[in-house]
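S.K.: Here's a structure for you.
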Ligand code: C5P
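Numbering (this note's numbering), first residue to last: -18 to 298.
Below, the structure is given as structure tokens:
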């Protein structure tokens, strides 16, 4: 049996609108998600013991069941017990590039890579929809991470409609190393402050979610117009994260004043990104903001939109 190495790209939210509360306690969302080429590497190797082992170079990444990569492997073992019995356990090595608890789906994309990798290791031949159904059991962003690219996501985030690629854009991301925001906290706080604005009945929720397909961000993407995309970035969670985290607000303002195409917090934050038309502009904006906020805790990455999700780098015999 082969070992596999996979690349697991991060995502940003170009658009995140919270529409209401679902019967399952999650929020009904209308989002536009975009893969970027900042990626973790996941190496999967068969081992003879019936165990799942996780190794990671970063101490802040959990190596137990709280890690989505572990839970993805556990889910595959539960779903395909005869393959688990036949092939034995899995050793997962995560080489982390994506910051943790950053609003970039770092944990979700690692989980997605483990699903794709085990599907190949065990020669299951699962289709993309089958992989995405398994992914939805792990978390709301995991299904998107499988195919990646540019997509509309509705429901909890698991109902996906692909959009044309937008891979000519660059971005600079900024995040305070020591700052993490809990996604559950961000949604709970939003609910307590804005719950009165939620759409109440499920039929209206669904038709409202459908409206994103004809919305202005989708038009900007169809027009392949980077400036329009930058002007139409939107994220409801900024309303609760920015007032609670003044550093994030300051970073957002610093990016805003640079002449980038647009700037926004990604997901539940605290990463803020600025969209750029070239790598050169992204490098210049990174330097400008670094000079303005010379805090050694503030890290930057220059990245590019990418048009795919999990990528297999190499099967190793
Ligand atoms: O699905 P995931 O585990 O990534 O979600 C993390 C948390 O974010 C959930 O426990 C929930 O509190 C919140 N969430 C939500 N509605 C969504 C997605 C996430 O309320 N659509």
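Every residue gets a Cβ at the ideal spot worked out from N, C-alpha and C, and that includes glycine. The structure presented is a predicted model; accordingly, all values stated were derived computationally and were not measured.
Beta carbon of residue 92, beta carbon of residue 66: below 7 Å?
M.R.: Position 111 of the chain shown, counting from 1, holds the residue named residue 92. Position 85 of the chain shown, counting from 1, holds the residue named residue 66. For residue 92 and residue 66, no; Cβs fall outside 7 Å.
S.K.: Give the single residue among 187, 259 and 194 whose Cα lies nearest to the Cα of residue 208.
M.R.: One-based indexing of the chain shown puts residue 208 at position 227. Considering only alpha carbons, the answer is 259.
S.K.: For residue 249, I'd like the list of residues in its chain whose CB is within less than 6 Å of its CB, leaving aside the five on either flank, ordered along the chain.
M.R.: The residue labelled residue 249 in the question sits at position 268 within the chain shown. Excluding residues within five positions, the ones whose Cβ falls inside 6 Å are 84, 162, 164, 167 and 218.
S.K.: Would you kindly report the start and end of the unbroken alpha helix (DSSP H) that includes residue 198?
M.R.: Position 217 of the chain shown holds residue 198. Start and end: 197 to 203.
S.K.: Based on Cα-Cα distance, which residue from -3, 263 and 46 lies nearest to residue 151?
M.R.: Position 170 of the chain shown, counted from the start, is the residue given in the question as residue 151. Considering only alpha carbons, the answer is 263.
S.K.: Rounded to the nearest angstrom, how far is the Cβ of residue 22 from that of residue 76, given a contact under 8 Å?
M.R.: Your numbering for residue 22 matches position 41 in the chain shown. Your numbering for residue 76 matches position 95 in the chain shown. So it is a contact: roughly 4 Å between Cβ atoms.
S.K.: Note down, in chain order, each residue of its chain lying with its Cβ closer than 7 Å to the Cβ of residue 114, except the 5 sequence neighbours on either side.
M.R.: Position 133 of the chain shown, counted from the first residue, corresponds to residue 114. Same-chain partners within the cutoff: there are none.
S.K.: For residue 134, does the three-state DSSP call read helix, strand or coil?
M.R.: As a first step, residue 134 must be located in the chain shown, where it is residue number 153. In this structure, residue 134 counts as strand in the three-state DSSP scheme.
S.K.: Would residue 52 pass as a contact of residue 119 if the rule is Cβ separation under 7 Å?
M.R.: As a working mapping, residue 52 is identified with position 71 in the chain shown. As a working mapping, residue 119 is identified with position 138 in the chain shown. Their beta carbons are under 7 Å apart, which means residue 52 touches residue 119 by this criterion.
S.K.: Please write down, chain order preserved, every residue whose beta carbon lies under 6 Å from a heavy atom of ligand 1.
M.R.: Per the Cβ criterion, the list is 7, 8, 10, 120, 121, 122, 137, 138, 164, 165 and 168.
S.K.: By Cβ distance below 6 Å, which residues in the same chain neighbour residue 7 in space, the five residues on each side in sequence not counted?
M.R.: On the chain shown, residue 7 is found 26 positions in, with the first residue counted as 1. Closer than 6 Å at Cβ, skipping near neighbours: 137.
S.K.: Find out if the Cβ-Cβ distance for the pair residue 87, residue 28 is shorter than 7 Å.
M.R.: Reading the chain shown from its first residue, position 106 is the one you call residue 87. Reading the chain shown from its first residue, position 47 is the one you call residue 28. No. Outside cutoff.
S.K.: Are the segment 189 to 204 and the segment 94 to 110 in contact at 8 Å, needing three or more beta carbon pairs?
M.R.: Verdict: no, contact absent.
S.K.: Indicate whether the contact test is met: 3 or more Cβ pairs, each with one atom in the segment 169 to 183 and one in the segment 289 to 297, closer than 8 Å.
M.R.: Because the criterion of three Cβ pairs below 8 Å is not met, the segment 169 to 183 and the segment 289 to 297 do not touch.
S.K.: Over the uninterrupted alpha helix (DSSP H) stretch that includes residue 172, give me the two end residues.
M.R.: Position 191 of the chain shown holds residue 172. Note, residue 172: alpha helix (DSSP H), 164 to 175.
S.K.: So what's residue 256 in DSSP terms, helix, strand or just coil?
M.R.: Along the chain shown, one-based indexing puts residue 256 at 275. In this structure, residue 256 counts as strand in the three-state DSSP scheme.
S.K.: Would you call the segment 275 to 291 in contact with the segment 1 to 19, where contact means no fewer than 3 C-beta pairs closer than 8 Å?
M.R.: The segment 275 to 291 is in contact with the segment 1 to 19.
S.K.: Going along the chain, which unbroken runs of the beta strand (DSSP E) with 3 or more residues stay wholly within the segment 220 to 267?
M.R.: Listed in chain order, they are 243 to 246 and 253 to 257.
S.K.: Does DSSP put residue 37 in a helix, in a strand, or in coil?
M.R.: By 1-based counting over the chain shown, the position of residue 37 is 56. Here residue 37 sits in strand by DSSP.
S.K.: Is it a yes or a no for the segment 231 to 251 touching the segment 129 to 149, going by three-plus beta-carbon pairs under 8 Å?
M.R.: With a cut-off of 8 Å, the segment 129 to 149 and the segment 231 to 251 do not count as touching, because too few Cβ pairs lie within range.
S.K.: How would you call residue 255, buried or exposed, if buried means at least 16 neighbouring beta carbons within 10 angstroms?
M.R.: Within the chain shown, residue 255 is the residue found at index 274, counting from 1. Per the 10 Å Cβ criterion, buried.
S.K.: Exposed or buried, residue 261, counting other C-beta atoms within 10 Å across all chains shown (16 or more means buried)?
M.R.: The residue labelled residue 261 in the question sits at position 280 within the chain shown. Exposed, by the Cβ-count rule.
S.K.: Assign residue 295 to one of three DSSP states: helix, strand, or coil.
M.R.: Looking up residue 295 in the chain shown gives position 314. Residue 295: strand per DSSP, three-state reduction.
S.K.: Taking DSSP as the reference, what is the three-state secondary structure of residue 63?
M.R.: Position 82 of the chain shown, counted from the start, is the residue given in the question as residue 63. Correct three-state label for residue 63: helix.
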